[in-house]
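In what follows, a structure is listed as structure tokens, so that the remarks can point back to it.
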Ligand SMILES: [Zn+2]
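In the working numbering, the protein residues as written are 126 to 253.
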């Protein structure tokens with residue numbers, strides 16, 4: 126593994142740090158490691174948060190959410206708590222952009238199909 130393991134230090138400002146086991150990765154329970162409390166209340170370390178969010182982006186998500194409680198994580202929080210590197214930030218933002226555009230296109234396609242095949246279901250039918 127050439128990847129550098131990211132970790133929190135007590136100098137990390139604006140992050141609520143605890144030495145509790147990782148909620149997202151059950152095998153990560155080293156008591157000497159500092160982990161961050163997410164806005165949803167779950168505890169994570171930067172590596173599992175990065176992986177978790179990468180998976181969500183690869184699944185076409187446009188928003189990040191906690192796999193445990195489904196609570197949304199703002200991108201700002203993910204960026205800070207996952208300690209995203211410049212490269213990771215770029216790739217995250219690119220994927221977020223691509224996923225957002227893709228969702229819009231899918232929505233347009235769905236809308237067109239709906240209008241053509243089920244005109245009576247079209248909520249905008251009275252506007253035309
Ligand atoms: Zn949570």
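Idealized CB from N, CA, C, for every residue including glycine.
If residue i sits next to residue j, beta carbons under 8 Å apart, how far is it from one beta carbon to the other, in whole angstroms?
i	j	result
residue 228	residue 187	6 Å
residue 174	residue 207	4 Å
residue 139	residue 205	7 Å
residue 159	residue 221	Wrong, their Cβ atoms sit about 28 Å apart, outside the cutoff.
residue 168	residue 143	6 Å
residue 156	residue 177	About 22 Å separates the two Cβ atoms, so there is no contact after all.
Report the three-state DSSP secondary structure of residue i (helix, strand or coil).
i	result
residue 187	coil
residue 235	helix
residue 175	helix
Among residues of its own chain, excluding the 5 on either side of residue i, which ones have a beta-carbon nearer than 6 Å to its beta-carbon?
i	result
residue 141	162
residue 194	165
residue 189	178, 181, 198, 203
According to DSSP, which residues form a beta bridge with residue i?
i	result
residue 142	161
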